[in-house]
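**Q** Chains as they are written, first to last, in my numbering: chain A, 2 to 117; chain B, 3 to 118. Glycine included, every Cβ here is placed at the ideal spot set by N, Cα and C. Here it is: the structure, laid out below.
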Amino acid sequence: AQKVTQAQTEISVVEKEDVTLDCVYETRDTTYYLFWYKQPPSGELVFLIRRNSFDEQNEISGRYSWNFQKSTSSFNFTITASQVVDSAVYFCALGLFKAAGNKLTFGGGTRVLVKP
Amino acid sequence: NAGVTQTPKFQVLKTGQSMTLQCAQDMNHEYMSWYRQDPGMGLRLIHYSVGAGITDQGEVPNGYNVSRSTTEDFPLRLLSAAPSQTSVYFCASRQSAYGSLSYEQYFGPGTRLTVT
Numbered sequence: 002a003q004k005v006t007q008a009q010t011e012i013s014v015v016e017k018e019d020v021t022l023d024c025v026y027e028t029r030d031t032t033y034y035l036f037w038y039k040q041p042p043s044g045e046l047v048f049l050i051r052r053n054s055f056d057e058q059n060e061i062s063g064r065y066s067w068n069f070q071k072s073t074s075s076f077n078f079t080i081t082a083s084q085v086v087d088s089a090v091y092f093c094a095l096g097l098f099k100a101a102g103n104k105l106t107f108g109g110g111t112r113v114l115v116k117p
Numbered sequence: 003n004a005g006v007t008q009t010p011k012f013q014v015l016k017t018g019q020s021m022t023l024q025c026a027q028d029m030n031h032e033y034m035s036w037y038r039q040d041p042g043m044g045l046r047l048i049h050y051s052v053g054a055g056i057t058d059q060g061e062v063p064n065g066y067n068v069s070r071s072t073t074e075d076f077p078l079r080l081l082s083a084a085p086s087q088t089s090v091y092f093c094a095s096r097q098s099a100y101g102s103l104s105y106e107q108y109f110g111p112g113t114r115l116t117v118t
């Protein structure tokens with residue numbers, strides 16, 4: 002069975018500090034996708050990034066960066082120079098290819114609070 | 003395109019009542035799914051559908067029924083509401099049910115359900 006663990010339930014930082022969110026996943030499948038979603042206080046889920054299991058290249062998008070390491074089954078997310086608008090709950094998710102239809106398994110989420 | 007729409011946005015039920023949460027998408031997506039979000043547990047898959055007439059159970063299906071008579075609609079029925087079903091419910095859709103997970107999954111705005 003697959004599992005996603007986000008050990009940090011809540012992180013509080015002061016604006017302009019960097020914050021790293023940890024994500025550890027478990028799966029026996031060799032082909033899978035990893036995702037990060039943001040849920041701002043308004044409640045909607047916003048897609049941030051998708052990475053497939055064959056691509057371990059790190060990615061940077063503006064102030065966001067992702068570190069994918071298959072050796073440690075981790076897909077960590079860093080927000081550089083955090084801003085108050087980054088305050089949200091962030092979810093890591095694992096997607097598997099299944100004959101019965103692809104499904105996503107989510108971690109428990111990490112709440113990030115950025116104080117001015 | 004309206005994307006994924008859900009109604010109602012808020013609902014209060016008494017124990018034992020039944021109701022249907024509505025979900026519709028106008029993107030001609032094959033795959034639709036229902037998740038529930040509870041504090042600290044992330045999103046958990048309730049039921050999903052890989053096409054009209056085809057549904058299957060997810061991680062937490064007990065107490066819920068679904069049907070998919072059209073591509074566009076995927077209602078979730080609570081047969082006899084219980085306080086344990088107090089949660090935020092998200093409907094999601096994706097273009098492809100099988101094969102690549104590179105298609106983005108679109109989430110609806112959510113329905114906040116309270117069972118007293």
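Interface residues of chain A around residue 1 of chain B at Cβ under 8 Å?
**A** Limits of chain B in this structure are 3 at one end and 118 at the other, which puts residue 1 of chain B out of reach.
**Q** What do you get for residue 115 of chain B, buried or exposed, if any count of 16 or more other CB atoms within 10 angstroms of its CB means buried?
**A** Residue 115 of chain B should be labelled buried.
**Q** Does residue 17 of chain B pass the burial test, meaning 16 or more other C-beta atoms within 10 Å, or should it be called exposed?
**A** Counting every other CB atom within 10 Å of its CB across the protein chains shown gives residue 17 of chain B a total below 16, marking it as exposed.
**Q** By how many angstroms is the C-alpha of residue 30 of chain A removed from the C-alpha of residue 97 of chain A?
**A** 7 Å
**Q** First and last residue of the beta strand (DSSP E) that includes residue 7 of chain A?
**A** Segment: none, residue 7 of chain A is in no beta strand (DSSP E) and carries neither H nor E.
**Q** Residues of chain B with a CB under 9 Å from the CB of residue 104 of chain A: which are they?
**A** For a Cβ distance threshold of 9 Å, residue set 35, 47, 50, 60 and 61 of chain B lies close to residue 104 of chain A, ordered along the chain.
**Q** Go ahead and label residue 2 of chain A buried or exposed: buried means 16 or more other beta carbons lie within 10 angstroms of its beta carbon, across all protein chains shown.
**A** exposed
**Q** In the DSSP output, which residue or residues are listed as bridge partners for residue 116 of chain A?
**A** Bridge partners of residue 116 of chain A: A:15.
**Q** Please confirm if residue 92 of chain A has its CB atom under 7 Å from at least one CB of chain E.
**A** Among the chains of the structure shown, chain E does not appear; the protein chains present are A and B.
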